[in-house]
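Sequential numbering from 0 applies to the sequence shown in numbering that gives the first Met the number 0.
Heads up, the beta-carbon is just placed ideally off N, CA and C, and yes, glycines get one too.
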Amino acid sequence: MEAAVAVMESEGVDTVFGIPGAAILPLYAALRTSGIRHITVRHEEGGTHAADGWSRATGKVGVSIGTSGPAGTNMITGLYTALADSIPMICITGQAPRAKLHQEAFQAVDIVEIAKPVTKWAVQLKEPGQAPWVFREAFRLARSGRPGPVLIDLPLDVQRGLCNYDPELDAPLPVDVPQPHPARVRAAVELLAGARRPLILAGGGVIIADAAVELRALAEAMRVPVQVTLMGKGAFPENHELFAGMAGIQTQTRWGNQAFLESDVVLAVGARFGDRHTGDLDVYRGDRKFIHVDIEPTQLGRVFEPDLGIVGHAKPTLAALTSAARSRAPHGDAWPSRVASLRSSLPRRDDFDDVPIKPPRVYREINEHYGEDTTFVTAIGLYQIWSGQFQHTYLPRRYLVCGQAGPLGWEVPAAMGVKCAFPSRRVVAVAGDYSFQFLMEEIAVAAQYRIPFVIVMVNNEYLGLIRQAELPYDMNYAVDLHYGEGGVDHVKLMAAFGCPARRVEHPGDIRAALEWADAESERESLPVLVEIMVEREANAAMGPSLDQIKEFEPVPELAVSD
Numbered sequence: 000m001e002a003a004v005a006v007m008e009s010e011g012v013d014t015v016f017g018i019p020g021a022a023i024l025p026l027y028a029a030l031r032t033s034g035i036r037h038i039t040v041r042h043e044e045g046g047t048h049a050a051d052g053w054s055r056a057t058g059k060v061g062v063s064i065g066t067s068g069p070a071g072t073n074m075i076t077g078l079y080t081a082l083a084d085s086i087p088m089i090c091i092t093g094q095a096p097r098a099k100l101h102q103e104a105f106q107a108v109d110i111v112e113i114a115k116p117v118t119k120w121a122v123q124l125k126e127p128g129q130a131p132w133v134f135r136e137a138f139r140l141a142r143s144g145r146p147g148p149v150l151i152d153l154p155l156d157v158q159r160g161l162c163n164y165d166p167e168l169d170a171p172l173p174v175d176v177p178q179p180h181p182a183r184v185r186a187a188v189e190l191l192a193g194a195r196r197p198l199i200l201a202g203g204g205v206i207i208a209d210a211a212v213e214l215r216a217l218a219e220a221m222r223v224p225v226q227v228t229l230m231g232k233g234a235f236p237e238n239h240e241l242f243a244g245m246a247g248i249q250t251q252t253r254w255g256n257q258a259f260l261e262s263d264v265v266l267a268v269g270a271r272f273g274d275r276h277t278g279d280l281d282v283y284r285g286d287r288k289f290i291h292v293d294i295e296p297t298q299l300g301r302v303f304e305p306d307l308g309i310v311g312h313a314k315p316t317l318a319a320l321t322s323a324a325r326s327r328a329p330h331g332d333a334w335p336s337r338v339a340s341l342r343s344s345l346p347r348r349d350d351f352d353d354v355p356i357k358p359p360r361v362y363r364e365i366n367e368h369y370g371e372d373t374t375f376v377t378a379i380g381l382y383q384i385w386s387g388q389f390q391h392t393y394l395p396r397r398y399l400v401c402g403q404a405g406p407l408g409w410e411v412p413a414a415m416g417v418k419c420a421f422p423s424r425r426v427v428a429v430a431g432d433y434s435f436q437f438l439m440e441e442i443a444v445a446a447q448y449r450i451p452f453v454i455v456m457v458n459n460e461y462l463g464l465i466r467q468a469e470l471p472y473d474m475n476y477a478v479d480l481h482y483g484e485g486g487v488d489h490v491k492l493m494a495a496f497g498c499p500a501r502r503v504e505h506p507g508d509i510r511a512a513l514e515w516a517d518a519e520s521e522r523e524s525l526p527v528l529v530e531i532m533v534e535r536e537a538n539a540a541m542g543p544s545l546d547q548i549k550e551f552e553p554v555p556e557l558a559v560s561d
């Protein structure tokens with residue numbers, strides 16, 4: 000276990016999140032004398048989400064630790080979340096001694112078989128001599144190709160064993176960086192150069208590859224507007240003249256959808272064409288051509304067959320495209336100007352003064368109050384959809400969202416992980432009331448270790464997204480969280496954890512509450528809650544396809560296409 004811990008340190012791990020138990024104590028004995036900080040969480044799922052947030056913020060491999068039995072099964076949701084969003088993470092579990100595995104020993108579950116569908120690799124350490132090599136391979140696999148999670152199961156007797164290990168003779172295993180085929184790069188540039196209304200679609204893979212600079216260089220060299228997916232928010236600055244919004248059936252901008260519908264060639268980089276981005280595929284595909292760039296070959300053609308597929312790491316692929324494009328004249332201003340006109344003519348209102356507060360007003364205040372370097376963390380629900388529609392993002396790894404798996408409760412532990420990675424960075428979790436209640440026990444962890452961040456709760460006292468999804472069924476069933484004087488008193492709940500909180504019921508009070516929360520969090524080194532009571536049955540704009548988005552608030556008339 001000393002060798003395993005030495006490998007973790009050399010791989011850049013400075014913080015791990017976990018819960019000790021009898022079957023994992025030899026590893027903890029090695030951790031105790033290391034330079035790695037251990038954060039004791041309150042639930043193993045919370046530990047995986049904290050490691051996930053740490054990884055998304057740093058780009059390194061996050062680590063979560065648990066004991067045997069239910070500790071590992073509690074980690075499955077976190078492993079699935081990391082796999083779905085391509086997040087490099089290692090979960091380590093304790094296990095009963097090898098001789099007891101077939102005897103139904105206490106908390107002896109075959110976690111390797113359980114975890115296989117939601118990991119890149121799930122392995123049980125069979126011999127002490129394998130320890131440094133298995134851990135090295137786990138880090139290599141987690142970071143290579145399409146990144147993702149690994150589970151290592153450690154039987155107790157193996158943990159107690161000895162192995163030969165010299166850290167001076169060891170180093171991380173190399174990670175392959177696939178280069179694009181030059182002929183395909185040239186073909187992609189030909190397609191983009193010959194288009195009248197091309198778009199670049201930046202997915203989460205651009206951020207994972209740290210390729211935001213290369214993305215911007217290509218866009219500016221060819222004068223091609225850039226859209227982002229929800230996972231790609233921050234890959235391209237939203238105040239750039241070539242920013243073209245976001246297309247989708249939930250998290251989208253009106254002008255982004257219209258720009259996409261008017262496009263004729265789309266270069267998608269590190270995007271997986273998720274169903275809540277594409278909606279109806281016939282509408283999404285239309286008559287436009289698609290170029291799909293991905294590091295994982297089997298992603299090409301998984302949802303639909305592109306006109307041109309390129310296998311490659313996003314960073315060198317974007318650089319190669321830019322280099323090839325420099326021999327071409329850039330596109331003129333007609334199409335970028337059209338996108339800019341859509342941006343100005345197809346907004347959504349966020350300036351409501353209504354009481355109860357309309358949710359878009361919350362995001363307007365967030366945008367105006369927080370700086371570009373603030374890291375936002377959000378999960379799943381109407382509040383995430385409003386966030387995707389209204390929040391502005393300018394830098395990579397500053398907007399973190401559990402995109403595909405969508406586990407409720409993700410925000411608080413993930414924000415904790417981000418703050419552990421960057422103690423000086425301002426971190427804000429945007430949460431719904433129901434999601435907050437899923438893993439609210441992790442507030443105790445942040446309070447114990449003095450991990451400060453701000454939680455902005457958009458509270459409608461509903462399972463809001465499911466309530467809206469029930470509208471076609473003509474029902475409002477099993478989704479109302481309002482009871483007694485109004486449901487859970489989150490201000491008192493935070494006080495029970497020893498943390499400050501404030502409730503806001505008027506839109507004019509939001510800004511002052513955010514200022515107070517920032518100051519209080521910094522002064523007390525604690526998580527601080529701003530609970531904003533919003534219109535209970537407000538709906539988010541969405542629909543089945545890009546051209547059939549239902550708006551629930553008055554909007555300007557659709558601009559006429561050129």
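Proline 171 and alanine 81 have their C-alpha atoms roughly 22 Å apart.
Taking a C-beta distance under 8 Å as the contact criterion, glutamate 552 and methionine 456 do not qualify as a contact pair. By the Cβ rule, the segment 226-233 counts as touching the segment 198-209, because three or more pairs are nearer than 8 Å.
Cβ atoms of glutamate 44 and methionine 74 come within 8 Å of each other, at about 7 Å. Counting along the chain, arginine 502 sits inside the beta strand (DSSP E) bounded by residues 500-503.
Shown here, tyrosine 164 sits in coil according to DSSP, grouped into three states, outside any helix or strand. A contact is defined here as three or more CB-CB pairs under 8 Å, and the segment 19-26 meets this definition with respect to the segment 149-164. Our two residues, leucine 545 and alanine 208, have alpha carbons roughly 28 Å apart in a direct line. About 4 Å separates the CB atoms of phenylalanine 452 and valine 426; that is less than 8 Å, so the two are in contact. Within 10 angstroms of the beta-carbon of threonine 76 lie 16 or more other beta-carbons, which makes it buried. The C-beta distance from histidine 276 to glycine 247 rounds to 5 Å, short enough to meet the 8 Å contact threshold. The continuous beta strand (DSSP E) containing glycine 431 extends over residues 426-431. DSSP places threonine 316 inside the alpha helix (DSSP H), whose first and last residues are 313-324. Glycine 485 sits exposed, since fewer than 16 C-beta atoms from the chains shown fall within 10 Å of its C-beta. Assignment of beta-bridge partners to alanine 121 by DSSP yields Leu150. Per the coordinates, the alpha-carbon of alanine 218 lies some 59 Å from the alpha-carbon of lysine 99. Our two residues, valine 12 and histidine 37, have alpha carbons roughly 11 Å apart in a direct line. Scanning the segment 331-387 for uninterrupted alpha helix (DSSP H) segments of 4 residues or longer gives 333-344 and 358-368, listed from N- to C-terminal end. With a cutoff of 8 Å on beta-carbon distance, valine 417 and threonine 374 are scored as near each other.
In this structure the segment 511-525 does not touch the segment 373-389; the number of beta carbon pairs closer than 8 Å is below three.
Selection Arg535, Asp517 and Asp165 evaluated against glycine 463 yields Arg535 as nearest (Cα-Cα).
If you check the CB distance, alanine 187 and leucine 307 come in under 8 Å.
From the listed residues Ile113, Pro148 and Thr392, the smallest Cα separation to aspartate 84 is found for Pro148. Fully contained in the segment 170-257 are the following beta strand (DSSP E) runs of length 3 or more, in chain order: 197-201 and 225-227. Within 10 angstroms of the beta-carbon of proline 181 lie fewer than 16 other beta-carbons, which makes it exposed.
For the pair proline 131 and alanine 2, the CB atoms are nearer than the 8 Å cut-off. Inter-segment contact for the segment 329-337 and the segment 357-365 is absent: fewer than three beta-carbon pairs are separated by less than 8 Å.
Only residues of its own chain outside the window of five on either side were considered, and among them Ala194, Arg195, Arg196, Pro197, Asp286, Arg287 and Lys288 have a CB closer than 8 Å to the CB of aspartate 263, listed in chain order. A straight line joining the alpha-carbon of histidine 239 with that of aspartate 350 spans about 23 Å. Bridge partners of lysine 549 according to DSSP: Met541. Taking a 10 Å sphere around the C-beta of threonine 32, we find fewer than 16 other C-beta atoms and assign the residue as exposed. Phenylalanine 421 is bridged by DSSP to nothing; it lacks a bridge partner.
Exclusion of the five residues before and after glycine 387 leaves Leu229, Lys232, Met245, Gly247, Gln249, Thr250, Gln251 and Val400 as the residues of its chain whose Cβ lies within less than 8 Å of its Cβ. Residue burial annotation: alanine 328 is exposed, with fewer than 16 other C-beta atoms found within 10 angstroms of its C-beta.
Straight-line measurement puts the Cα of histidine 481 at about 15 Å from the Cα of alanine 537. Alanine 243 sits away from proline 395, with the two beta carbons spaced by 8 Å or more.
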